[in-house]
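Numbering (this note's numbering), first residue to last: 406 to 946.
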């Protein structure tokens, strides 16, 4: 536990006080400015590389699926972000999603739901690292295929080997670059924006005289899924849902953010809004410059539809350059999401919920006040989960939909709990949507429930086999069922929610004055009416 003096070194008094109200001592150093909090979310979203990685979901519905699917789904995602910004401004903590679920849920449900959300969010973030690094492997190898004129054909084993090296490289960077990680997010954001600008120039210039009509871009439909056309359009939503789904990273980094009550909502809404608008433009440019033969683009021998689009526009050498820039930017995304995943896992371990929590809840001062053990724990978990790519392409695609399903459940629960059970307990932060907060929450919950179902469905149909099934439902059922089974068999005996790590003896008079009388909690005495997580000691929030 950080002492009061060390807490002052790690954070300003206002931020340490806000965290203390939630029952936590300041243990992480607040290195992230408001812009850098936005930057980590935008870097994880990695707009153009993410659109490229998920063209297999959006292109089968044609340009309408690519362009309007992006615009409509992004609008709903923004509504989800606004609902989460309300919560993030009021109660910024690294374990926000499961913390909020526990705080707002009705007493009979708060412990199991919080436990479930923590595991689901951890799964979603680790799967996010997997899908980003798998996309990186495909992009890098597509450059080799282009360079050898198709003579090189990567096997699943080669793809996994590149994926493995990428994950390990991310863990090394996150380990040794902790002190400059906040500033790196600015670099990552600029790199993403420069890649978008380069593509906006290269594709239209390369396809001059061959660009598609406005009618094709905005009204042409296709259906290469085998499902009804309407469902094919909804499946195209998986592209923006996966791309923009990293906005919760602002929550997980909140204990390292300066002025977190304002930085977190700004980061959430700013990153979503930026991706919504710029992504819409990216999709229009891609639709304007790609071949009208969508089956050829999707079945490209390069293994990556965006590689084919670049190749058609600027030839072999130009495609190699653009795809190299693309996979380099994709690599940067992996650094940022590993930071977010490790903070969520550390927060969950701090509350004693993950296996081996007493090992993983330690902070490394030597490497700059970071949860070093959960950095490597998440990296190793990603390497194991990535073994799915050795089964079949359908299993590898599950890495993308796993992110959607895992995170959506984690997003849904606290928003739902606050709207249904927690209205009277909610104390707004600097950002608050007022009377609109409940309609916003209801809309967000409906969308999250629908998109979770969407993520479970096979991308192609109607005949489903081992090579076309969606393995997401199997993995999610195992994790969700396993988490609830673990809770009711054993964890219910000792898990009573988030634990208090603040020590009343270490509080300043000003902190004590601010905390006494806080809504629903007496932090100074370390009690909210719970029994505490007896397995690991400490008291619950």
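Virtual Cβ for every residue (Gly too), placed ideally from N, Cα, C.
Check: Which term fits residue 566, buried or exposed, when burial requires 16 or more other beta carbons within 10 angstroms of its beta carbon?; Outcome: exposed
Check: Could you compute how far the alpha carbon of residue 692 sits from the alpha carbon of residue 634?; Outcome: 19 Å
Check: Can you check whether the CB of residue 645 is closer than 8 Å to the CB of residue 504?; Outcome: no
Check: Could you say if the region 833 to 852 and the region 889 to 897 meet the contact criterion of at least three C-beta pairs nearer than 8 Å?; Outcome: no
Check: Would you report the Cα separation of residue 810 and residue 637, rounded to the nearest angstrom?; Outcome: 18 Å
Check: Let me check understanding here. Comparing Cα to Cα, which of 867, 492, 642 and 470 lies closest to residue 832?; Outcome: 492
Check: For a minimum of 4 consecutive residues, which ranges assigned as the alpha helix (DSSP H) are wholly contained in the region 430 to 484?; Outcome: 439 to 450, 452 to 458 and 460 to 463
Check: If I measure Cβ to Cβ from residue 741 and keep anything under 6 Å in the same chain, skipping five residues before and after, which residues do I get?; Outcome: 445, 448 and 449
Check: Short of 7 Å in beta carbon distance, which residues of its chain neighbour residue 478, apart from the five on each side in sequence? Order them along the chain.; Outcome: 642, 645 and 646
Check: Report the three-state DSSP secondary structure of residue 769 (helix, strand or coil).; Outcome: strand
Check: How big is the Cα-Cα spacing for residue 823 and residue 862?; Outcome: 29 Å
Check: Would you be able to state if there are at least three C-beta pairs under 8 Å between the region 615 to 631 and the region 730 to 738?; Outcome: no
Check: So, are the CB atoms of residue 483 and residue 681 less than 8 Å apart?; Outcome: yes
Check: Excluding five sequence neighbours on each side, which residues of the same chain lie with their C-beta closer than 7 Å to the C-beta of residue 423?; Outcome: 497, 665 and 666
Check: Once the 5 residues before and after residue 603 are set aside, which same chain residues still bring their CB inside 8 Å of it?; Outcome: 727 and 730
Check: Terminal residues of the continuous alpha helix (DSSP H) containing residue 717?; Outcome: 710 to 755
Check: Alpha helix (DSSP H) containing residue 820: first to last residue?; Outcome: 798 to 825
Check: When DSSP builds the beta bridges, which residues end up paired with residue 662?; Outcome: 437
Check: Give the straight-line distance between the Cα atoms of residue 655 and residue 663, rounded to the nearest whole angstrom.; Outcome: 12 Å
Check: Enumerate in chain order the residues of its own chain whose CB-to-CB distance from residue 804 is below 8 Å, with the five nearest sequence positions on each side excluded.; Outcome: 532, 535, 536, 539, 790, 791, 793 and 794
Check: Buried or exposed: which applies to residue 857, given that a residue is buried once 16 or more other Cβ atoms fall within 10 Å of its Cβ?; Outcome: buried
Check: Have a look at residue 946 and residue 523 and give me their C-alpha separation to the nearest angstrom.; Outcome: With a pLDDT of 40 at residue 946, under the threshold of 50, the modelled position of that residue is not reliable, and the figure given next carries that caveat. Roughly 15 Å between the two C-alpha positions.
Check: Just the Cα atoms here: how many angstroms apart are residue 910 and residue 660?; Outcome: Because residue 910 carries a pLDDT of 49, less than 50, the predicted location of this residue cannot be relied on, and no value is offered for it.
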